[in-house]
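Q: One structure coming up, written as structure tokens, with questions to follow.
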Amino acid sequence: MKTKEHQLDLRWLEAYRSQDPHFGLERMEALMALRGNPHLDCRVIHVAGTNGKGSTIATLSQLLRLAGLRVGVFTSPYLIHYNDQITINGEAIADQDLQTYLDSYQQLLEAEESRAIFQGLTEFEVMTAIAYDYFAHEELDYVIMEVGMGGRLDSTNVCQPVLTAITSIGLDHVALLGPDLASIAREKAGIIKPGIPLVLGKLEAEASQVIEGIAIQEQAPITAYDRDYKVELETSCLSGQSFSYHSSKREKASYQVALLGHHQARNAALAISICDVLFEREGRELLSRELVDEALHQVVWPGRMEVVSQNPMILLDGAHNPHAVAPLIASLRELFPSQKKTILFTCIRTKALEEMLIQWQELENSRLILTTFEDPRAYSQEEIKAAAKKHQLEKVNWQEFLQNWQAEGDELLIVTGSLYFLSQVRPYLLKTEKSN
871 MKTKEHQLDL
881 RWLEAYRSQD
891 PHFGLERMEA
901 LMALRGNPHL
911 DCRVIHVAGT
921 NGKGSTIATL
931 SQLLRLAGLR
941 VGVFTSPYLI
951 HYNDQITING
961 EAIADQDLQT
971 YLDSYQQLLE
981 AEESRAIFQG
991 LTEFEVMTAI
1001 AYDYFAHEEL
1011 DYVIMEVGMG
1021 GRLDSTNVCQ
1031 PVLTAITSIG
1041 LDHVALLGPD
1051 LASIAREKAG
1061 IIKPGIPLVL
1071 GKLEAEASQV
1081 IEGIAIQEQA
1091 PITAYDRDYK
1101 VELETSCLSG
1111 QSFSYHSSKR
1121 EKASYQVALL
1131 GHHQARNAAL
1141 AISICDVLFE
1151 REGRELLSRE
1161 LVDEALHQVV
1171 WPGRMEVVSQ
1181 NPMILLDGAH
1191 NPHAVAPLIA
1201 SLRELFPSQK
1211 KTILFTCIRT
1221 KALEEMLIQW
1231 QELENSRLIL
1241 TTFEDPRAYS
1251 QEEIKAAAKK
1261 HQLEKVNWQE
1271 FLQNWQAEGD
1281 ELLIVTGSLY
1291 FLSQVRPYLL
1301 KTEKSN
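Using our numbering, the letters of the sequence shown correspond one by one to residues 871 to 1306.
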């Protein structure tokens, strides 16, 4: 199936790319109404959270697929191809299909451009609408929708879900979502619907109190981490993370997820809990322990502690806020306690650059190197130079640095800070790795 971005004509969408979006559901509701409200024909599992959404969704999708179900997934941002935002059973929407939807929406919006309701429409809203449209047409068993930002006013939140989940709450997008965990939790809890089950990942007490309070008001049954299901970390190695899991629905057993890091055990456990709550509610037989284990071994999620080169060893990780950097550093400490490490880091302007630089400089036996990349959201050369000077760090051109590293590097390299950055680094590394 062809899924290469360069085969798509995305030029008209550029007009909808905004660095200052105005949040609200009115535009999405109006757009969906023009298409016959396809979102209401989707059986949606709606997933919000500061971090862990992608890995949880990848695991949940694999569990549902092993149950013989057809599953649509909408996630962002894409790491490899534009089409990867919209998949069915792991297959990205074909270029021809996506182009057909893009052309249809272009014609629709050109015809409606005089309507005030569509002023301020964003690319993300258009892609969310296309995802709902495509999934409804394909008549899937379930659709997993990843919240883009927040929850309450996110464009995905026009759905009537069969289950909602919140993976984690941390300080990110504070200018838009609020300055503290309680404020951010309130925004994420906006996806909770009356009477619809809610499954929670590991949350700070401050966030949990807010979210569970709202769920109780909405009479939404709650399944909570460490209360209704429990996870015990076992071993962590380069083949994955092993852990034990048990709940009222499932006896204690050991599992291993193919993704690296302690936090991936918690994400996998959340996915198991979502699947079990959903299947019990809908009268389906729970997956056997063997099938769960098989699904966890099959999970692939690029850009999350992903090993893209063995010699020298190069890891890619999309940790883009302090809440995500902390477990990544913990995993590096456990997996590579005595190994020298080099961190190649950059991020986009909306992220907490200063705080993350401080975190990375606290990692033992490591050196931190800064870079920039071509993207309107990225920090400028001057801004990164200033940060490098302030912290007495080296600043490099990432292409030249990686070219030299692949030829001469002899220690562990971690490339991190932004999924947008990784979307440029990953194909570069894989191409040069293949040619060597």
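Glycine residues also receive a C-beta, built at the ideal position from the N, C-alpha and C atoms.
Fair warning: this is a prediction, and the values are worked out from it, not measured in the lab.
For residue 1116, which beta-bridge partners are listed by DSSP?
A: Residue mapping note: residue 1116 aligns to position 246 of the sequence shown, counting from 1. In DSSP, residue 1116 forms a bridge with 1100.
Q: With 8 Å set as the bound, which would you pick, yes or no: does the beta-carbon of residue 984 sit closer than that to a beta-carbon of chain C?
A: Among the chains in the structure shown there is no chain C, since it carries only a single protein chain.
Q: Looking only at its own chain, which residues have a Cβ that is under 6 Å from the Cβ of residue 823, when we skip the five neighbours before and after it?
A: A query on residue 823 cannot be resolved here, the shown segment of the chain reaching from 871 to 1306 and no further.
Q: My understanding is that residue 1172 touches residue 950, with C-beta atoms under 8 Å, so please give their C-beta distance in whole angstroms.
A: Locating residue 1172 in the sequence shown gives position 302, counting from the first residue. Locating residue 950 in the sequence shown gives position 80, counting from the first residue. With 8 Å as the limit, residue 1172 and residue 950 qualify as a contact, their Cβ atoms being about 7 Å apart.
Q: Return helix, strand or coil for residue 1154, following the three-state DSSP convention.
A: Working through the sequence shown from its first residue, we reach residue 1154 at position 284. Residue state, collapsed to three classes: coil.
Q: Report yes or no: do three or more beta-carbon pairs, one from the region 1249 to 1256 and one from the region 1204 to 1224, lie closer than 8 Å?
A: The region 1249 to 1256 is in contact with the region 1204 to 1224.
Q: Sorted by chain position, which residues of the same chain lie with C-beta nearer than 7 Å to residue 1167's C-beta, five sequence neighbours on each side aside?
A: If you number the sequence shown from 1, residue 1167 lands on position 297. 1126, 1128.
Q: Starting from the C-beta of residue 908, find all residues in its chain whose C-beta is less than 6 Å away, skip the five residues before and the five after it, and write them out in chain order.
A: Working through the sequence shown from its first residue, we reach residue 908 at position 38. The residues are 1002, 1003, 1006.
Q: Can you give me the C-alpha to C-alpha distance between residue 1182 and residue 970, rounded to a whole angstrom?
A: The count along the sequence shown starts at 1 and reaches residue 1182 at position 312. The count along the sequence shown starts at 1 and reaches residue 970 at position 100. Going from the Cα of residue 1182 to the Cα of residue 970 covers about 43 Å.
Q: When the Cα of residue 999 is compared with those of 1190, 1232, 897, 1196, which residue comes out closest?
A: In the sequence shown, counting from the first residue as 1, residue 999 sits at position 129. It is 897 whose Cα lies nearest to the Cα of residue 999.
Q: Using beta-carbon positions only, say whether residue 1143 and residue 1032 come within less than 8 Å of one another.
A: For this step, residue 1143 is matched to residue 273 along the sequence shown. For this step, residue 1032 is matched to residue 162 along the sequence shown. Cβ distance not < 8 Å, so residue 1143 and residue 1032 don't count as in contact.
Q: Report the option in 880, 905, 1030 whose CA atom is closest to the CA atom of residue 915.
A: For this step, residue 915 is matched to residue 45 along the sequence shown. The shortest Cα separation from residue 915 among 880, 905, 1030 belongs to 1030.
Q: I think residue 944 touches residue 1015, with their Cβ atoms under 8 Å apart; what is that distance to the nearest whole Å?
A: Here residue 944 refers to the residue found at position 74 when the sequence shown is read from its first residue. Here residue 1015 refers to the residue found at position 145 when the sequence shown is read from its first residue. The Cβ separation is near 5 Å, so the contact holds.
Q: Confirm, please, whether the CB-CB distance from residue 1105 to residue 1112 is below 8 Å.
A: As a position in the sequence shown, residue 1112 is number 242, starting the count at 1. As a position in the sequence shown, residue 1105 is number 235, starting the count at 1. Yes. Within cutoff.
Q: If you check the beta carbons only, do residue 1285 and residue 1186 fall under 8 Å apart?
A: Here residue 1285 refers to the residue found at position 415 of the sequence shown. Here residue 1186 refers to the residue found at position 316 of the sequence shown. Yes, the Cβ-Cβ distance between residue 1285 and residue 1186 is below 8 Å.
Q: Using only the alpha-carbon positions, how far apart do residue 1213 and residue 1301 sit?
A: On the sequence shown, position 343 is the one that residue 1213 refers to. On the sequence shown, position 431 is the one that residue 1301 refers to. Near 21 Å, if we compare the C-alpha coordinates of residue 1301 and residue 1213.
Q: Do the region 1049 to 1062 and the region 1073 to 1080 meet, that is, are 3 or more Cβ pairs less than 8 Å apart?
A: Yes, they touch.
Q: Excluding five sequence neighbours on each side, which residues of the same chain lie with their C-beta closer than 8 Å to the C-beta of residue 1149?
A: In the sequence shown, the residue the question calls residue 1149 occupies position 279. Excluding residues within five positions, the ones whose Cβ falls inside 8 Å are 937, 1155, 1156, 1157.
Q: Can you give me the start and stop residues for the alpha helix (DSSP H) that residue 994 sits inside?
A: Here the question's residue 994 lines up with position 124 in the sequence shown. Note, residue 994: alpha helix (DSSP H), 993 to 1008.
Q: With distances taken Cα to Cα, identify the nearest neighbour of residue 1135 among 1107, 886, 1160.
A: As a first step, residue 1135 is located in the sequence shown; it is residue number 265 there, counting from the start. Nearest option by C-alpha distance: 1107.
Q: Indicate whether residue 1090 and residue 1062 have their beta-carbon atoms separated by less than 8 Å.
A: Position 220 of the sequence shown holds residue 1090. Position 192 of the sequence shown holds residue 1062. Yes, they are a contact pair.
Q: Using alpha carbons as the reference points, say which of 1253, 1012, 1130 lies closest to residue 959.
A: Taking the sequence shown and counting its residues from 1, the one referred to as residue 959 is at position 89. Considering only alpha carbons, the answer is 1012.
Q: Note down, in chain order, each residue of its chain lying with its Cβ closer than 6 Å to the Cβ of residue 1103, except the 5 sequence neighbours on either side.
A: By one-based count along the sequence shown, residue 1103 stands at place 233. So the qualifying residues of the chain are 1113, 1132, 1135.
Q: Taking 6 Å as the limit between beta carbons, can you name the residues of its chain near residue 1299, skipping five residues before and five after?
A: Locating residue 1299 in the sequence shown gives position 429, where the first residue counts as 1. The residues are 1178.
Q: Determine the extent of the beta strand (DSSP E) in which residue 1177 is found, giving its start and end residues.
A: Along the sequence shown, one-based indexing puts residue 1177 at 307. Run containing residue 1177: 1176 to 1180, per the beta strand (DSSP E) assignment.
Q: Have a look at 881, 932, 927, 911 and flag the residue whose alpha-carbon is nearest the alpha-carbon of residue 1164.
A: On the sequence shown, residue 1164 is found 294 positions in, with the first residue counted as 1. Considering only alpha carbons, the answer is 932.
Q: Consult DSSP for residue 1211 and reduce its assignment to one of helix, strand or coil.
A: Taking the sequence shown and counting its residues from 1, the one referred to as residue 1211 is at position 341. It is a strand residue.
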